[in-house]
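**Student:**
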Amino acid sequence: MESLKKNPAWKGRRGPVVLVIMDGVGYGKYKEGDAVADAKMYHLTALRAHNPHTQLKAHGKAVGLPADDDMGNSEVGHNAMGCGRVFNQGAALVSESLDTGAMFTGQAWKDIISTVQGSGGTLHFIGLFSDGNVHSHLDHLKAMIQQAKQEGIKTVRIHVLFDGRDVGETSALEYLDPFEAFLQSLKAPDFDARIASGGGRMWITMDRYGADWAMVERGWKTHVHGKARQFTSAREAVETYRREIPGIIDQDLKEFTVAEEGVPIGTIQDGDSVVYFNFRGDRALEITAAFEEAAFSHFDRGRRPGVCYAGMMEYDGDTHVPRRYLVRPPSINRTMGEYLAAAGVRTLAISETQKYGHVTYFFNGNRTGKFDEVLETYQEIKSDVVPFEQRPWMKCAEITDVVIQAMGSGKYDFIRLNYPNGDMVGHTGIYQAVVCAMEGMDLQLGRLVKAAQEAGAILVITADHGNSDDMFEHQKKTGAVVYKADGSPKAKTSHSLNPVPCIIYDPDYKGEYLREPYEGALQEGLGISSLAATCMNLLGYVPPEDYDPPVLRMG
Numbered sequence: 001m002e003s004l005k006k007n008p009a010w011k012g013r014r015g016p017v018v019l020v021i022m023d024g025v026g027y028g029k030y031k032e033g034d035a036v037a038d039a040k041m042y043h044l045t046a047l048r049a050h051n052p053h054t055q056l057k058a059h060g061k062a063v064g065l066p067a068d069d070d071m072g073n074s075e076v077g078h079n080a081m082g083c084g085r086v087f088n089q090g091a092a093l094v095s096e097s098l099d100t101g102a103m104f105t106g107q108a109w110k111d112i113i114s115t116v117q118g119s120g121g122t123l124h125f126i127g128l129f130s131d132g133n134v135h136s137h138l139d140h141l142k143a144m145i146q147q148a149k150q151e152g153i154k155t156v157r158i159h160v161l162f163d164g165r166d167v168g169e170t171s172a173l174e175y176l177d178p179f180e181a182f183l184q185s186l187k188a189p190d191f192d193a194r195i196a197s198g199g200g201r202m203w204i205t206m207d208r209y210g211a212d213w214a215m216v217e218r219g220w221k222t223h224v225h226g227k228a229r230q231f232t233s234a235r236e237a238v239e240t241y242r243r244e245i246p247g248i249i250d251q252d253l254k255e256f257t258v259a260e261e262g263v264p265i266g267t268i269q270d271g272d273s274v275v276y277f278n279f280r281g282d283r284a285l286e287i288t289a290a291f292e293e294a295a296f297s298h299f300d301r302g303r304r305p306g307v308c309y310a311g312m313m314e315y316d317g318d319t320h321v322p323r324r325y326l327v328r329p330p331s332i333n334r335t336m337g338e339y340l341a342a343a344g345v346r347t348l349a350i351s352e353t354q355k356y357g358h359v360t361y362f363f364n365g366n367r368t369g370k371f372d373e374v375l376e377t378y379q380e381i382k383s384d385v386v387p388f389e390q391r392p393w394m395k396c397a398e399i400t401d402v403v404i405q406a407m408g409s410g411k412y413d414f415i416r417l418n419y420p421n422g423d424m425v426g427h428t429g430i431y432q433a434v435v436c437a438m439e440g441m442d443l444q445l446g447r448l449v450k451a452a453q454e455a456g457a458i459l460v461i462t463a464d465h466g467n468s469d470d471m472f473e474h475q476k477k478t479g480a481v482v483y484k485a486d487g488s489p490k491a492k493t494s495h496s497l498n499p500v501p502c503i504i505y506d507p508d509y510k511g512e513y514l515r516e517p518y519e520g521a522l523q524e525g526l527g528i529s530s531l532a533a534t535c536m537n538l539l540g541y542v543p544p545e546d547y548d549p550p551v552l553r554m555g
């Protein structure tokens, strides 16, 4: 890897460059439901009014997703910010593998099929049950079920994780009914495919970063052992929980199994094969560990079936987890972190548990560990294990405490931090909590500004995608708010397609760059991948030639 070149015209600063990632904070398209605009964010407003700023794309092709109607997400967003270029990401790679048939000629798929053929057992699919295209897509699941039938598999069981987060908060039946019809169309005397178990994604199975292993334990007991409340169908489970728990949304639906005469139809047995069909890694690692690790201490698994397990993709390229996967992830190299470590830049990466992996693993191109143990410091602030609407300020103050101390310590040249509030609270769909989250975070921006003045630091304030800026469902054609039967706006819990800010706060500005970023950066197609080159500029380096252009015009 070539080394970074110093910019001889750069005059230096007393303090570090600080990349502030306001997770899930964009520029809203609609007035109604824009919690960012509704919140009293005095510091963010002042920063925009008095400093260079622009808007950047953070969704679709700008972050490596198949189409511009695909929502961005925190994983691909941090990939783009950290590597300075756009790589095709999970959804695009899986779709390409299915289109070409490459998935079904790979050894992992062959192992999955041959195991079931040899044992006469069952092929199980576990994953997020929606077309949100953030963690998974139902089209991928359907293609694999069809292929399994063609290859002579007789029994398929699907374990569904309801979404309500990357899609409508109560849209489960909109996916269930067509999918049940799809399964019925495949039914034959020698082929039986049925939904066997499930629950909401924030209640079972899909924990991340070790925040709540009880979620994974509930999923394990449900999918593997069939130990959950029994219903005759997934639809009956959804309708019953909605009736019994007024206001419950899909992501929180309780666990269930489908049973006949008191016997679950889809427990996982020795000789079965299991495919975890999520392509995104963060919420796949823990359930994968439960299936793969011999020495496992997070909960009592009870009977651990001997299965052939595969993930949709390799979820951790350094530890090579899972051992078997269907599609290779993008090979992201020459990241900003690697360049800075090679240049001797001292770095701090910090967030709370919910986004700690984003400022480390994802920012470094899906790489576990550090590039340089001496130069890099990673710090995790433990998240509260409570519903996010109950603590909408989350740990933004604690993160800021550490960053302010670090800014004035002289120990770091570059700091990157993530405030998770706009994303994690945004996903709850609870508008008042989101406004509170934004105002709590804005207080911390004010503290950072004051600390930057004292330390002579530069703040680069941005986001990885939108969310809190679009909290109500809107009609596609008219843009009108969608209302529920009780007259309240229907909450939107998924990410938005809106652009995100890029604000440069440089209190010791010395004239090395023009005060305005590219005018019309959004129209020119600049996305958040341009942040890497921007930060390199502000650290006094010339970015690699193949990095996406910075938002600054150097003098």
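Quick note on numbering: our numbering labels position 155 of the sequence shown as 155, and the sequence is numbered without any gaps. The C-beta atom is built at its ideal place from N, Cα and C for all residues, glycine as well.
Along the chain, where does the alpha helix (DSSP H) that runs through I126 open and close?
**Tutor:** From DSSP, I126 is part of no alpha helix (DSSP H) but of the beta strand (DSSP E) over 123-128.
**Student:** Below 8 Å on the Cβ atoms is my guess for P330 versus Y309; work out the distance and round it to an integer in Å.
**Tutor:** The pair is not a contact, with the Cβ atoms about 23 Å apart (cut-off 8 Å).
**Student:** In chain order, what residues of the same chain lie with their CB nearer than 7 Å to the CB of S3, ignoring the 5 residues before and after it?
**Tutor:** Excluding residues within five positions, the ones whose Cβ falls inside 7 Å are A342, A343.
**Student:** Given this structure, state the Cα-to-Cα distance separating G72 from D23, to the nearest angstrom.
**Tutor:** If you take the alpha carbons of G72 and D23, they lie about 11 Å apart.
**Student:** I'd like the span of the alpha helix (DSSP H) that includes F291, first residue to last.
**Tutor:** Its alpha helix (DSSP H) spans residues 285-292.
**Student:** Under 8 Å, with one C-beta from each stretch per pair, do the region 46-65 and the region 504-515 reach the 3-pair mark?
**Tutor:** Output reads yes: the region 504-515 touches the region 46-65.
**Student:** Check the DSSP bridge columns for A62 and list the partner residues they point to.
**Tutor:** According to DSSP, which records beta bridges pairwise, A62 is partnered with nothing at all.
**Student:** Compute the beta-carbon to beta-carbon distance between R165 and H427, rounded to the nearest angstrom, for a pair I have assumed lies under 8 Å.
**Tutor:** About 5 Å; that satisfies the 8 Å criterion.
**Student:** Between the region 274-281 and the region 119-129, do at least 3 Cβ pairs fall closer than 8 Å?
**Tutor:** Counting Cβ pairs under 8 Å, three or more are found: they touch.
**Student:** Taking 6 Å as the limit between beta carbons, can you name the residues of its chain near I381, skipping five residues before and five after?
**Tutor:** These residues qualify, in order along the chain: E352, K395, E398, I399.
**Student:** Reducing DSSP to helix, strand and coil, say where L56 ends up.
**Tutor:** Three-state result, L56: strand.
**Student:** Could you tell me the alpha carbon to alpha carbon distance between S171 and I249, rounded to whole angstroms?
**Tutor:** About 9 Å.
**Student:** Given 8 Å as the limit, is there contact between the region 406-426 and the region 7-26, that is, 3 or more CB pairs closer than that?
**Tutor:** Touching, per the Cβ criterion.
**Student:** To which residues of the same chain is M536 closer than 6 Å at the C-beta, ignoring the five residues directly before and after it?
**Tutor:** So the list reads P543, once near-sequence residues are dropped.
**Student:** Can you tell me whether M206 is buried or exposed? The criterion is at least 16 other CB atoms within 10 Å of its CB, across all chains shown.
**Tutor:** So M206 ends up on the buried side.
**Student:** What's the C-alpha gap between P178 and F162?
**Tutor:** Cα to Cα, the separation comes out at about 15 Å.
**Student:** Which residues bound the alpha helix (DSSP H) around Y276?
**Tutor:** It is not in any alpha helix (DSSP H) - Y276 instead sits in the beta strand (DSSP E) that spans 273-276.
**Student:** Return the chain-ordered list of same chain residues with a C-beta closer than 7 Å to the C-beta of E169, the five sequence neighbours on each side being excluded.
**Tutor:** So the list reads I249, D250, G429, A491, T493, once near-sequence residues are dropped.
**Student:** Measure the C-alpha to C-alpha separation of P66 and S529 and round it to an integer number of angstroms.
**Tutor:** Going from the Cα of P66 to the Cα of S529 covers about 16 Å.
**Student:** Mind the definition here: the region 112-125 touches the region 88-102 only if three or more C-beta pairs lie below 8 Å; say whether that holds.
**Tutor:** With a cut-off of 8 Å, the region 88-102 and the region 112-125 do not count as touching, because too few Cβ pairs lie within range.
**Student:** So, under 8 Å CB-CB, L375 and V460 are touching, yes? Tell me the CB distance rounded to an integer number of Å.
**Tutor:** Not confirmed; about 20 Å, so no contact.
**Student:** Please return the same chain residues whose Cβ sits closer than 8 Å to the Cβ of Y513, not counting the five positions on each side in sequence.
**Tutor:** Only N537, L552, R553, M554, G555 meet the Cβ criterion.
**Student:** By alpha-carbon positions, which one of A143, H140, I265 ends up nearest to R194?
**Tutor:** R194 has its Cα closest to that of I265, out of A143, H140, I265.
**Student:** Is I458 closer than 7 Å to L348 when the C-beta atoms are compared?
**Tutor:** Taking 7 Å as the Cβ cut-off, L348 and I458 do not qualify as a contacting pair.
**Student:** Would you tell me roughly how many angstroms separate the C-alpha atoms of V307 and H225, rounded to the nearest one?
**Tutor:** V307 and H225: Cα-Cα distance of roughly 14 Å.
**Student:** Along the alpha helix (DSSP H) that carries P178, what are the first and last residues, could you check?
**Tutor:** Its alpha helix (DSSP H) spans residues 172-186.
**Student:** Considering only the alpha carbon of each residue, which of E244, M441, Q405 lies closest to P16?
**Tutor:** Of the listed residues, the one whose Cα sits closest to P16 is Q405.
**Student:** What is the DSSP secondary structure of G82, counted as helix, strand or coil?
**Tutor:** Three-state result, G82: helix.
**Student:** Just the Cα atoms here: how many angstroms apart are A284 and G12?
**Tutor:** Their Cα atoms are separated by approximately 43 Å.
**Student:** What alpha helix (DSSP H) runs, 4 residues minimum, are completely inside the region 394-476?
**Tutor:** Listed in chain order, the complete alpha helix (DSSP H) runs (minimum 4 residues) inside the region 394-476 are 396-409, 421-424, 431-455.
**Student:** Where does M554 fall in DSSP's three states?
**Tutor:** Correct three-state label for M554: strand.
**Student:** Given N133, which residues of its chain have a CB within under 8 Å of its CB, disregarding the five upstream and five downstream residues?
**Tutor:** If we look at N133 and ignore the five residues flanking it on each side, its Cβ neighbours are L65, P66, D70, M71, A91, D166.
**Student:** Can you give me the start and stop residues for the alpha helix (DSSP H) that Q354 sits inside?
**Tutor:** Looking at the DSSP string, the run of the alpha helix (DSSP H) that includes Q354 is 353-357.
**Student:** Any idea if F296 is buried or exposed, counting beta-carbon neighbours within 10 angstroms, 16 or more meaning buried?
**Tutor:** Exposed is the call here.
**Student:** Assess contact between the region 253-260 and the region 201-220, defined as three or more Cβ pairs (one per stretch) separated by less than 8 Å. Is contact present?
**Tutor:** Touching, yes, given that three or more Cβ pairs across the two stretches are closer than 8 Å.
**Student:** How do the region 360-371 and the region 73-87 stand: do at least 3 beta-carbon pairs fall below 8 Å, yes or no?
**Tutor:** The region 360-371 vs the region 73-87: in contact.
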